[in-house]
Amino acid sequence: MKTKLWSLTLGNFAIGTGALIVPGMLNELSSDLAVTPAAIGVVISAFAMTICFGGPFLAGWTSAIERRVLLTAALLLYAVMHIAAAFAPGYLSLMAIRVVTAVGAALFTAQAAATAGLLVPAEQRGKAIGLVFLGWSIAAVVGVPAGAYLGAHIGWRLTIALVGALSALFALWVWLQIPARLFVPSMDKAAWRALFANKALLLAISVTAIQGVGQFTLFSYIAAVLKNFIQAGPTTISVLFACFGVTGVIGNLLASRFMDRLGTTQVGLYAMGSMFLALAFWPLARNSPAITTVLILLWGLGCFALNGVQQARLVGMAPGLAPASVSLNSSAIYLGQALGALTGGAMISAGHMADLSIVGAVLTALAMLVSHIAMKMSHKAAGVLV
Numbered sequence: 026m027k028t029k030l031w032s033l034t035l036g037n038f039a040i041g042t043g044a045l046i047v048p049g050m051l052n053e054l055s056s057d058l059a060v061t062p063a064a065i066g067v068v069i070s071a072f073a074m075t076i077c078f079g080g081p082f083l084a085g086w087t088s089a090i091e092r093r094v095l096l097t098a099a100l101l102l103y104a105v106m107h108i109a110a111a112f113a114p115g116y117l118s119l120m121a122i123r124v125v126t127a128v129g130a131a132l133f134t135a136q137a138a139a140t141a142g143l144l145v146p147a148e149q150r151g152k153a154i155g156l157v158f159l160g161w162s163i164a165a166v167v168g169v170p171a172g173a174y175l176g177a178h179i180g181w182r183l184t185i186a187l188v189g190a191l192s193a194l195f196a197l198w199v200w201l202q203i204p205a206r207l208f209v210p211s212m213d214k215a216a217w218r219a220l221f222a223n224k225a226l227l228l229a230i231s232v233t234a235i236q237g238v239g240q241f242t243l244f245s246y247i248a249a250v251l252k253n254f255i256q257a258g259p260t261t262i263s264v265l266f267a268c269f270g271v272t273g274v275i276g277n278l279l280a281s282r283f284m285d286r287l288g289t290t291q292v293g294l295y296a297m298g299s300m301f302l303a304l305a306f307w308p309l310a311r312n313s314p315a316i317t318t319v320l321i322l323l324w325g326l327g328c329f330a331l332n333g334v335q336q337a338r339l340v341g342m343a344p345g346l347a348p349a350s351v352s353l354n355s356s357a358i359y360l361g362q363a364l365g366a367l368t369g370g371a372m373i374s375a376g377h378m379a380d381l382s383i384v385g386a387v388l389t390a391l392a393m394l395v396s397h398i399a400m401k402m403s404h405k406a407a408g409v410l411v
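Quick note on the numbering used here: the sequence shown kicks off at 26 and runs consecutively.
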């Protein structure tokens, strides 16, 4: 059974690496395509926006397709589009290719989690889904830093083609491991109506989007910021990405350990507090690689932990609405990324690269406030884990 789950984990590793690799290669992409970093930010935004709005619709349209066929096809689409991106003749063609690539990502990640829940007994579903999402953490620790390093040394085109090759390899493994005739039930429309009538849940989901805008205002352009502020070369940038990923995994482990003891809302506030401090003190890191490293570590500690905490919080607030709330929360993640990339790009175009972190800190603080308000509202429900 673990082999089946690991095929989905490594599929998510390929998806996560491909999704997050563009910020790591931003300097190389903007130089080779003769466009500004802000223009590459639009590519990041288009990718995220496609997943945000396409994910829920694709889930409904593909519910009648057996999971092995759907997951394999999604990874193959992802593979083909990455290889196509390696041959993109210019900026506009690259953007169009990334939009189609995002369809594969939107299909695979959400349906891999749903499929994992079907492969194990009910009491093991949480652990199985956690294992499948570990692929994104592995991507942050290994895939993204390696991509940033290779992008600078062998070129972004060959690097992105390698992601395509990995995706094709893992697609084959998924086909061999996932049983045939496996289907997931379609989402209940009544659950969606109940979700949109639940103000506390909607506020909690908005926390995901708000803090995502704050983070990606800076993160989308972190390679350019590091190059300009501390004169970081490709190797230094890839090492800092690795540091970010390592503390992200540590943060995930700490959050999992303390959620039951402190409650998901409190742990989420600690995670956002860690990110807020990193972003608020970022201006002090200019020309200081040491301070930059400390802040990157602090940022990573909260970043990855928050996603898992938010998912657990939503399930705890309304278990019966979990399929709908978790799906909407996934869209909120990508909405935050898309709007953050656009916000950061607009600021850079206006000559305010130095202020990206300040906007990020303000939005993170706003997310903390909204989270607290959502907690107060949810206290009206008895026995809710917040």
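Glycine is no exception: its CB is placed at the ideal position from the N, C-alpha and C atoms.
If you run the structure through DSSP and keep just helix, strand and coil, what is residue i?
i: V145; result: coil
i: Q336; result: helix
i: R311; result: coil
i: L295; result: Correcting the residue identity first, residue 295 is Tyr in this sequence and not Leu. Helix.
i: D213; result: coil
i: I262; result: helix
i: N223; result: coil
i: T444; result: This structure cannot settle anything about residue 444, because the visible part of the chain is limited to 26 through 411.
i: A257; result: coil
i: F301; result: helix
i: M378; result: helix
i: V60; result: coil
i: P114; result: coil
i: H477; result: Not covered by the structure: residue 477. The range shown for the chain is 26 to 411.
i: L207; result: coil
i: E53; result: helix
Grab me the residues of residue i's own chain with a C-beta within less than 6 angstroms of its C-beta, minus the 5 sequence neighbours each way, in chain order.
i: L83; result: A131, L132
i: A257; result: L251
i: L45; result: V169
i: S70; result: A363, A366, L367
i: A386; result: F301, L304, A305
Within this structure, are the beta carbons of residue i and residue j separated by less than 7 angstroms?
i: L391; j: I235; result: yes
i: A205; j: R92; result: no
i: A229; j: A399; result: yes
i: A296; j: A330; result: yes
i: A173; j: G49; result: yes
i: A139; j: V199; result: no
i: R123; j: F78; result: no
i: S88; j: S211; result: yes
i: T389; j: F254; result: no
i: G273; j: C328; result: yes
i: R150; j: G160; result: no
From residue i to residue j, what distance separates their C-alpha atoms?
i: S382; j: G369; result: 9 angstroms
i: F266; j: V169; result: 7 angstroms
i: L309; j: A137; result: 41 angstroms
i: L226; j: A357; result: 13 angstroms
i: L194; j: L187; result: 11 angstroms
i: A127; j: I76; result: 6 angstroms
i: V384; j: G361; result: 13 angstroms
i: L33; j: A153; result: 10 angstroms
i: L278; j: L243; result: 25 angstroms
i: D57; j: V395; result: 41 angstroms
i: E53; j: L175; result: 11 angstroms
i: F241; j: G85; result: 28 angstroms
i: P114; j: A121; result: 12 angstroms
For residue i, which residues of its own chain have a beta-carbon under 7 angstroms away from its beta-carbon, when the five flanking residues on both sides are left out?
i: K29; result: L144, Q202, I203
i: T318; result: L265, C268
i: I163; result: F38
i: A447; result: Residue 447 falls outside the range modelled here, since the chain spans only 26 to 411, and no answer is possible.
i: D380; result: M372
i: M284; result: V292, V334, A337
i: V125; result: M106
Note down, in chain order, each residue of its chain lying with its Cβ closer than 8 angstroms to the Cβ of residue i, except the 5 sequence neighbours on either side.
i: S55; result: T61, P62, A64, I65, A249
Under 7 angstroms, Cβ to Cβ, is there at least one residue of chain B near residue i?
i: P259; result: No chain B appears in this structure, which consists of one protein chain only.
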